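A short write-up of the structure that comes next.
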Amino acid sequence: MTLAILCRRAFSDLRQDFCAQLITTMVVSLSILIFAFFTLLYFNLQYFVDRFGTELGLTIFLTKDTPKDRIPSLHQKLIGLSEVEKVTYISSEEAFRRLEHFLKNEKDVLEGVDPQFLPPSFEIQINRAMFQLNRIRQLAGEIDKWPEVSKVQFGQEWIDRLYVFSGLVRTIVAITGILLLFTAAFVVTNTIKLTVYARQEELEIMRLVGATNMFIQGPFLVEAFLQGLLGSSLALGIVLGGYRFLQGFEAKSELFRGVSICFIPWHYTVAIIASSVLLCVIGTALAMRRFLRL
Amino acid sequence: MISLESSIIRFKDVFKKYSPDNIIFSGIDLEIEKGEFVFLTGPSGVGKSTMLRILFCAERPTSGEIWVDGVALSSLSNAQVPYLRRKIGVIFQDFKLLSNRTIFDNVALSLEVIGLGKKQAEQRVMQVLEGVGLTGKMSHYPLRLSGGEQQRVAIARAVVNRPSIILADEPTGNLDLQRTEEVMMLMEELNARGATIIFATHDERLFENTHRRVLRCLNGKIRT
């Protein structure tokens with residue numbers, strides 16, 4: 152049996168049994184939609200944690216007696232580190248100006264205070280691709296040993312708490328996702344089983360007139376392939392639509408400004424589609440097994 | 114006496130049991146000659162259908178050997194069974210037609226399965242439908258036909274790929290006298306063209322005035 156005959160028979164079956172095929176595709180689509188939603192949630196949580204970590208950065212306070220001519224060489228040393236994305240020097244004067252700005256109407260309290268009382272510092276932005284909490288902690292420890300450095304500060308406590316919280320949420324999301332995947336697999340295979348059972352008589356007659364297993368099974372497998380492909384593509388399309396809507400909302404709304412979201416990485420979307428196709432094809436093959444015996 | 118060379122079906126010491134107290138056949142020896150028309154009879158539940166099901170490999174015997182057209186059934190793997198079935202046409206009491214396909218498509222199914230070209234298949238289906246007198250109804254669906262017509266479609270489907278053996282399991286069981294006669298005439302015609310026919314029925318009227326061999330199933334044995 153050629154592929155052309157196989158596809159012709161599959162499409163003819165699809166036309167004849169359109170409602171049942173549509174229902175199966177919708178069941179696949181809904182199951183994948185719920186799973187894809189949780190996957191999206193998972194990736195956004197991870198994205199948020201990583202982004203938050205890099206945005207916190209490091210602040211390196213220098214000793215007050217650090218000569219000004221050492222600043223460029225320290226700047227070079229810092230920018231040369233692979234974990235560092237950007238280095239900004241904050242002089243004592245600049246720090247003083249910032250403090251004044253922060254205090255606004257209360258800045259009078261600084262009257263008569265020498266701007267040099269604040270130590271100069273470097274603000275460091277961490278390279279997002281290199282961000283790893285342990286590595287940053289190690290780096291802070293190394294910089295802290297430099298003779299010109301009085302203190303290295305970063306939101307370690309915040310990051311630690313965030314990591315514990317996000318780890319917990321990620322575990323919950325991952326477990327829920329896996330459970331949903333199994334539920335989806337169960338629902339999809341049972342829906343397929345019902346479709347196969349509904350055509351039990353047809354299978355029996357085909358066997359009777361000498362059809363080979365491939366002849367009987369072939370169109371069902373092509374149909375399952377299409378159901379998996381269309382169902383999962385539709386589900387991911389809906390999730391993508393929702394993502395685009397939120398993106399637009401994020402740009403317009405004051406409340407969401409600065410909160411950026413990400414979509415499921417492309418290789419994961421391909422994996423979801425492939426898994427859905429595989430699930431439908433294997434489900435169909437298993438459901439048909441008993442009809443392909445003698 | 115039938116010679117081994119001319120026999121198309123041969124049973125040797127065949128046993129079939131579903132459980133120790135449900136024995137259908139206990140040591141059957143039987144030979145059916147090429148081109149023969151035999152009636153298989155006996156009360157309900159005696160194993161007429163089981164014998165036919167064993168012949169087209171829907172079931173396997175518990176022990177013993179069966180040869181169909183020179184092939185030992187025990188040597189056939191499951192993957193080879195469809196190729197044996199293409200040599201056998203099967204007709205059932207309940208017709209077993211696909212209600213969502215036209216008469217033409219129902220008959221063409223047997224040819225589609227063996228991969229015959231579309232044009233050739235079309236010609237063959239038309240020819241067979243003409244033979245059973247249903248040319249005018251080929252675009253109808255089975256449920257729009259009478260019982261007799263549906264059985265004629267089932268016969269057309271069974272013979273369209275020119276099988277050498279036809280197994281008929283109570284094909285007239287659901288038909289009135291006139292339709293029964295029509296079916297019997299068709300079966301005679303097919304036999305005259307060379308097909309070997311095993312006709313299972315419990316209706317003794319069908320063979321009471323015939324010269325055909327009658328095989329009687331009783332207590333796990335077959336008597337001629």
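Order-wise, the sequence lines are chains Z and H. Per the working numbering, the first sequence starts with residue 152, numbered consecutively. Per the working numbering, the second sequence starts with residue 114, numbered consecutively. All residues carry an ideal CB built from backbone N, CA and C; glycine is no exception. No experiment lies behind these values; they were computed from the predicted model shown.
*Got a sec, what are the start and stop residues for the beta strand (DSSP E) Glu144 (chain H) sits in?*
For the purposes of this step, residue 144 (chain H) is taken as residue 31 along the second sequence, with counting starting at 1. Note, Glu144 (chain H): beta strand (DSSP E), 135-146.
*asked:* Whole angstroms are fine: how far does the CA of Pro270 (chain Z) sit from the CA of Leu191 (chain Z)?
replied: Reading the first sequence from its first residue, position 40 is the one you call residue 191 (chain Z). Reading the first sequence from its first residue, position 119 is the one you call residue 270 (chain Z). Going from the Cα of Leu191 (chain Z) to the Cα of Pro270 (chain Z) covers about 44 Å.
*Work out the CA separation of Val347 (chain Z) and Ala438 (chain Z) for me, nearest whole Å.*
Within the first sequence, residue 438 (chain Z) is the residue found at index 287, counting from 1. Within the first sequence, residue 347 (chain Z) is the residue found at index 196, counting from 1. Cα to Cα, Ala438 (chain Z) sits roughly 7 Å from Val347 (chain Z).
*Taking Leu256 (chain H) and Lys250 (chain H) to be in contact with their CB atoms under 8 Å, please state how far apart those CB atoms are, rounded to whole angstroms.*
Looking up residue 256 (chain H) in the second sequence gives position 143. Looking up residue 250 (chain H) in the second sequence gives position 137. Not confirmed; about 12 Å, so no contact.
*Anything in chain Z within Cβ reach of Asn213 (chain H), meaning under 9 Å, just list it in chain order.*
Taking the second sequence and counting its residues from 1, one reaches residue 213 (chain H) at position 100. Ordered by position in chain Z, the residues that pass the 9 Å Cβ test against Asn213 (chain H) are Gln167, Asp168, Glu353.
*When you compare only the Cα positions, how much space is there between Glu178 (chain H) and Ser223 (chain H)?*
Reading the second sequence from its first residue, position 65 is the one you call residue 178 (chain H). Reading the second sequence from its first residue, position 110 is the one you call residue 223 (chain H). For Glu178 (chain H) and Ser223 (chain H), the distance between alpha carbons rounds to 28 Å.
_Check whether Gly160 (chain H) and Ile145 (chain H) have beta carbons under 7 Å apart_ = The sequence position of residue 160 (chain H) within the second sequence is 47, counting from 1. The sequence position of residue 145 (chain H) within the second sequence is 32, counting from 1. Not closer than 7 Å, so no.
*Could you confirm whether any beta carbon from chain Z is found closer than 7 Å to the beta carbon of Pro82 (chain H)?*
A question about residue 82 (chain H) goes unanswered here, because the residues of chain H that appear run from 114 up to 337.
*What number of angstroms, rounded off, separates the C-alpha of Val181 (chain H) from the C-alpha of Leu168 (chain H)?*
Working through the second sequence from its first residue, we reach residue 181 (chain H) at position 68. Working through the second sequence from its first residue, we reach residue 168 (chain H) at position 55. Roughly 7 Å separates the two Cα atoms.
*Could you name the residues of the same chain whose beta carbon sits closer than 8 Å to that of Ala185 (chain H), not counting the 5 residues immediately before and after it, in chain order?*
Here residue 185 (chain H) refers to the residue found at position 72 when the second sequence is read from its first residue. Contacts found: Glu178, Ile179.
*Identify every run of the alpha helix (DSSP H) within the region 258-295 of chain H, keeping only runs that are complete inside it and at least 4 residues long; order them along the chain.*
260-272
*asked:* For Phe150 (chain H), which residues in the same chain have their Cβ closer than 6 Å to its Cβ, ignoring the five residues on either side in sequence?
replied: Start at 1 with the first residue of the second sequence, and residue 150 (chain H) comes out as number 37. Result list for Phe150 (chain H): Asn304, Ile310, Arg325, in chain order.
*asked:* Tell me the rounded alpha-carbon separation between Arg452 (chain Z) and Ser411 (chain Z).
replied: Only positions 152 to 445 of chain Z appear in the structure, and residue 452 (chain Z) is not among them; the question remains open.
*Pick out the complete beta strand (DSSP E) segments inside the region 245-331 of chain Z, 3 residues or longer, and give them in chain order.*
272-277, 300-305
*Take Arg166 (chain H) and list the residues in its own chain whose beta-carbon comes closer than 8 Å to its own, dropping the five residues that flank it on each side.*
The residue labelled residue 166 (chain H) in the question sits at position 53 within the second sequence. For Arg166 (chain H), where only same-chain residues beyond five positions count, the Cβ hits under 8 Å are Glu172.
*Below 8 Å, can you find three or more Cβ-Cβ pairs linking the region 182-202 of chain H to the region 230-239 of chain H?*
no
*Select from H:Ser120, H:Thr248, H:Thr293, H:Arg123 the residue whose C-alpha is nearest the C-alpha of Thr215 (chain H).*
Counting from 1 along the second sequence, the entry for residue 215 (chain H) is found at position 102. Here the closest residue by C-alpha is H:Thr248.
_Between Ser157 (chain H) and chain Z, is the shortest Cβ-Cβ distance under 7 Å, so that the two count as touching?_
Taking the second sequence and counting its residues from 1, the one referred to as residue 157 (chain H) is at position 44. No, because no Cβ of chain Z sits closer than 7 Å to the Cβ of Ser157 (chain H).
_Can you find the residues in the same chain that come closer than 7 Å, C-beta to C-beta, to Gly333 (chain H), ignoring five residues on each side of it along the sequence?_
Residue numbering aside, residue 333 (chain H) sits at position 220 when the second sequence is read from its first letter. For Gly333 (chain H), where only same-chain residues beyond five positions count, the Cβ hits under 7 Å are Ile136, Ile137, Phe138, Ser139.
*asked:* Does the CB of Leu222 (chain H) have a neighbour CB from chain Z at under 7 Å?
replied: In the second sequence, counting from the first residue as 1, residue 222 (chain H) sits at position 109. Cβ-Cβ to chain Z under 7 Å: yes for Leu222 (chain H).
_Euclidean distance between Cα positions of Phe162 (chain Z) and Gly260 (chain H)_ = Locating residue 162 (chain Z) in the first sequence gives position 11, where the first residue counts as 1. Locating residue 260 (chain H) in the second sequence gives position 147, where the first residue counts as 1. Roughly 31 Å between the two C-alpha positions.
*Under 7 Å, do Val179 (chain Z) and Gly382 (chain Z) count as touching if we go by C-beta distance?*
Counting from 1 along the first sequence, the entry for residue 179 (chain Z) is found at position 28. Counting from 1 along the first sequence, the entry for residue 382 (chain Z) is found at position 231. Their beta carbons are under 7 Å apart, which means Val179 (chain Z) touches Gly382 (chain Z) by this criterion.
*asked:* For Phe316 (chain Z) and Trp309 (chain Z), what's the separation of their Cα atoms in angstroms?
replied: The sequence position of residue 316 (chain Z) within the first sequence is 165, counting from 1. The sequence position of residue 309 (chain Z) within the first sequence is 158, counting from 1. Roughly 10 Å separates the two Cα atoms.
*Can you give, in chain order, each stretch of the alpha helix (DSSP H) that sits fully within the region 336-373 of chain Z and has at least 4 residues?*
351-359
*Looking at the C-beta of Ile356 (chain Z), does it have a partner C-beta in chain H at a distance below 7 Å?*
Position 205 of the first sequence holds residue 356 (chain Z). Yes, contact with chain H.
*The alpha helix (DSSP H) with Lys232 (chain H) in it runs from where to where?*
Here residue 232 (chain H) refers to the residue found at position 119 of the second sequence. Looking at the DSSP string, the run of the alpha helix (DSSP H) that includes Lys232 (chain H) is 231-244.
_Give me the chain Z residues within the contact set of Lys125 (chain H), using Cβ-Cβ distance strictly less than 9 Å, ordered along the chain._
Taking the first residue of the second sequence as position 1, residue 125 (chain H) is located at position 12. The contacting residues do not exist; Lys125 (chain H) stays about 21 Å from chain Z at best.
_Distance CB(Asp142 (chain H))-CB(Lys125 (chain H)) smaller than 7 Å_ = Taking the first residue of the second sequence as 1, we reach residue 142 (chain H) at position 29. Taking the first residue of the second sequence as 1, we reach residue 125 (chain H) at position 12. For Asp142 (chain H) and Lys125 (chain H), yes; Cβs fall inside 7 Å.
*asked:* Pull the bridge partners of Lys237 (chain Z) from the DSSP assignment, please.
replied: Counting from one through the first sequence, the residue named residue 237 (chain Z) turns up at place 86. BP columns for Lys237 (chain Z) point to Z:Gln276.
*May I ask you to list, following chain order, the residues of the region 178-210 of chain H that have a beta carbon less than 9 Å from some beta carbon of chain Z?*
Asn191, Ala192, Val194, Pro195, Tyr196, Leu197, Arg198, Arg199, Lys200, Ile201, Gly202, Val203, Phe205, Lys209, Leu210
*Do Ile367 (chain Z) and Met357 (chain Z) come within 7 Å of each other at the CB atom, strictly closer than that value?*
What you label residue 357 (chain Z) is simply residue 206 of the first sequence in a count that begins at 1. What you label residue 367 (chain Z) is simply residue 216 of the first sequence in a count that begins at 1. Closer than 7 Å, so yes.
*With a Cβ-Cβ cutoff of 7 Å, do Ala362 (chain Z) and Val241 (chain H) count as a contact?*
On the first sequence, residue 362 (chain Z) is found 211 positions in, with the first residue counted as 1. On the second sequence, residue 241 (chain H) is found 128 positions in, with the first residue counted as 1. Contact: no.
*Phe414 (chain Z) in three-state terms, based on DSSP*: As a working note, residue 414 (chain Z) is residue 263 in the first sequence. If DSSP states are grouped into helix, strand and coil, Phe414 (chain Z) belongs with coil.
*asked:* Can you give me the C-alpha to C-alpha distance between Ile326 (chain Z) and Tyr193 (chain Z), rounded to a whole angstrom?
replied: As a first step, residue 326 (chain Z) is located in the first sequence; it is residue number 175 there, counting from the start. As a first step, residue 193 (chain Z) is located in the first sequence; it is residue number 42 there, counting from the start. Going by the C-alpha atoms only, they are around 11 Å apart.
_Let me check one thing: in DSSP terms, what residues is Gly202 (chain H) bridge-paired to?_
The residue given as residue 202 (chain H) occupies position 89 in the second sequence. Bridge partners of Gly202 (chain H): H:Ile279.
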